[in-house]
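Report on the following structure.
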Amino acid sequence: MRFSYCKQITSSTGFPNRILTGLGIHKEILSSEEYSQLPLPYRELCTEGEQFLALQDDDEVYVYSSPGRITYAGSHAESWKGKTLAAAVNPDIRAIVRPRTDRQVVIYSRGYEHPFHIHIDEYDPVDQERGTSSALIRGAAAVLARDGIQTGGFDAYLNASLLPGSGLNASASFTVLCLGLLTDAGKNFPNESEGPYTPLELSSKVKEIEEHFFSETGDLASGAVIYSGGLHYIDHSPELSLQRINQNQGLFHKRQYIVDSLSAEAGSETAYAHLHDELEKIIALKGESILDAKVFAGYSQEDIVLLHFFYSENFRIQQLVHCLRNGNHSRLYHLFQEYLHEYRHILNLINRKSSNYNDQLELLHSILSIFRIEEDVEIVHGPFGPGLDSKAFFLLPPAHGGEFEHLIRRFFQRIDIQPVYPREKGLVRLL
1 MRFSYCKQIT SSTGFPNRIL TGLGIHKEIL SSEEYSQLPL PYRELCTEGE
51 QFLALQDDDE VYVYSSPGRI TYAGSHAESW KGKTLAAAVN PDIRAIVRPR
101 TDRQVVIYSR GYEHPFHIHI DEYDPVDQER GTSSALIRGA AAVLARDGIQ
151 TGGFDAYLNA SLLPGSGLNA SASFTVLCLG LLTDAGKNFP NESEGPYTPL
201 ELSSKVKEIE EHFFSETGDL ASGAVIYSGG LHYIDHSPEL SLQRINQNQG
251 LFHKRQYIVD SLSAEAGSET AYAHLHDELE KIIALKGESI LDAKVFAGYS
301 QEDIVLLHFF YSENFRIQQL VHCLRNGNHS RLYHLFQEYL HEYRHILNLI
351 NRKSSNYNDQ LELLHSILSI FRIEEDVEIV HGPFGPGLDS KAFFLLPPAH
401 GGEFEHLIRR FFQRIDIQPV YPREKGLVRL L
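Okay, here's the thing in structure tokens:
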């Protein structure tokens, strides 16, 4: 696509309704909601990209988007060998890309003074790069080269609504984007091609890159959800499996919010750190039977509550998936309400030393009750497992979203609220 045409379509009312996905490009169609949300951020991408990349009208350019990932229920860490409901969401990383004829990758990004610049034939991890975008780019190039996949160089400018530390897996999203860009550049950005990986294979590559080059613990499923888009049922036991659930059932008709208390304490992670080992002991002793109170001799009451919660979570998620597949929305929302009640109790236990946070939680729950209109307003929570960071996820109908945001901002000084929409498409290239 010539840059002159890119400027033309991004300044119009919307994008064409044909998109191509990276890493095995196949045609898909944007929904009307996705179509209506595109223009403004991509106009900004085009304008800023022109400045940073010194784009000319006859330059060949391509536009990509890689979404975030949210956990509705369960733990996304495979070490728990549990079950998860997760989905791609609309906060994304957007890129305008120009091919290069050499083996260099140069990425400019909004908010960063200097570009990330690497030679994609230099594969070894660089200690000074760990924790940076350069490490993820280098890791993606190294993994593709090892697997015998041809790659190519490019210049890119990125802007994003998916930010580091947002709890929406920004590093995995960026890694999926890098894998897509490098692969497409190696094929001269074709309109159609066969992808080198299945979603689960790609996801394992993302985990490897994050852990070996970036020095961050990754999980096996996030890359697949980000790449594929949609709502997924993930089962880590005995081996990882991932099944896509019909997005037209239940959750994808609601607006979602992330409410972050910004008050997570180090004690939250400490409280969770020992749970996996303890839970494994209990499962080894009792198998799949219901936990007997006698098993908990010597444990504190708080630990008993936490262990019961995690032991019963897999069964609860299976119930949620059953409701989604059968369109039983009434039962689905009832289960989410039960989830909320128990999760709030867990949060209170883990943050028991933070009375201010507990007060905030109680007030937040009271505010939410104002909007609880039959089944239209329900509350969903995640993520769970090691590293709980006191984020809460809420589904509300769009008609009430503005008032909800106003109340949250009015009553809470330390709370950040961000509207989030589940996204049916994963990594996409827009033409």
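Its first residue numbered 1, the sequence shown is counted upward by one per residue in full-length UniProt numbering.
Beta carbons: idealized from backbone N, C-alpha and C, even for Gly.
I think residue i touches residue j, with their Cβ atoms under 8 Å apart; what is that distance to the nearest whole Å?
i, j, result
"Y64", "A95", "5 Å"
"L168", "G68", "3 Å"
"T84", "A221", "7 Å"
"L324", "I226", "L324 to I226, Cβ: 20 Å. No contact."
"I93", "L162", "5 Å"
"V97", "V126", "Going by Cβ atoms, the distance from V97 to V126 rounds to 23 Å, so no, they are not a contact pair."
Which residues in the same chain as residue i place their Cβ atom closer than 7 Å to its Cβ, once the five residues preceding and following it in sequence are excluded?
i, result
"G153", "R100, D102, R103, Q104, V105, I120, A185"
"A140", "T175, C178, L179, L182, I209"
"G230", "A87, A88, R244, Q247, E424"
"T270", "Confidence is the limiting factor: at T270 the pLDDT is only 40, short of 50, which leaves the residue's position unreliable, though a coordinate-based value still follows. Correct list: empty, nothing qualifies."
"A399", "Caution applies to A399, whose pLDDT of 47 falls short of 50 and renders its modelled position unreliable; the value that the coordinates give is listed next. Taken in chain order, the list of residues that qualify is empty."
Please report the straight-line C-alpha distance between residue i and residue j, rounded to a whole angstrom.
i, j, result
"A54", "Y157", "11 Å"
"H253", "Y123", "Residue confidence for H253 is low, a pLDDT of 44 falling below 50, so the modelled location carries little weight; the figure read from the coordinates is stated next. Cα to Cα, H253 sits roughly 44 Å from Y123."
"F52", "R138", "22 Å"
"V428", "T217", "25 Å"
"P41", "G327", "34 Å"
"residue 502", "F214", "Any property of residue 502 remains undetermined from this structure, which presents the chain solely from 1 to 431."
"Q243", "H232", "6 Å"
"Q318", "G195", "31 Å"
"H334", "P238", "29 Å"
"R423", "I70", "10 Å"
"E113", "I107", "11 Å"
"I234", "V321", "10 Å"
"P190", "D59", "16 Å"
"E48", "R331", "47 Å"
"D155", "R316", "46 Å"
"R110", "L45", "9 Å"
"E211", "F116", "19 Å"
"G148", "Y197", "12 Å"
"Q150", "H236", "31 Å"
"D219", "S241", "13 Å"
"S66", "E338", "33 Å"
Counting along the chain, where does the alpha helix (DSSP H) carrying residue i start and finish?
i, result
"A54", "Counting along the chain, A54 falls outside any alpha helix (DSSP H), and DSSP gives it neither H nor E."
"S228", "222–228"
"I209", "199–209"
In its own chain, which residues sit with a C-beta less than 6 Å from the C-beta of residue i, not counting the 5 before and 5 after it?
i, result
"G223", "A172, V176, L202, S203, V206"
"S228", "P199, G426"
"R146", "none"
Along the chain, where does the beta strand (DSSP E) containing residue i start, and where does it finish?
i, result
"D92", "83–99"
"S134", "No beta strand (DSSP E) holds S134; the alpha helix (DSSP H) holding it covers 133–146."
"V176", "No beta strand (DSSP E) holds V176; the alpha helix (DSSP H) holding it covers 170–186."
"S109", "104–109"
"D121", "Counting along the chain, D121 falls outside any beta strand (DSSP E), and DSSP gives it neither H nor E."
"L430", "428–430"
"F154", "154–160"
"Y233", "231–235"
"S241", "241–245"
Leaving out five residues before and five after residue i in sequence, what residues of the same chain have Cβ atoms less than 8 Å from its Cβ?
i, result
"I118", "Q104, V105, S134, I137, R138, A141"
"E129", "A135, R138, F213"
"A170", "G68, I93, A160, L162, L163, P164"
Against chain B, with Cβ distances strictly below 8 Å, would residue i count as a contact?
i, result
"F174", "You won't find chain B in this structure, because it holds only one protein chain."
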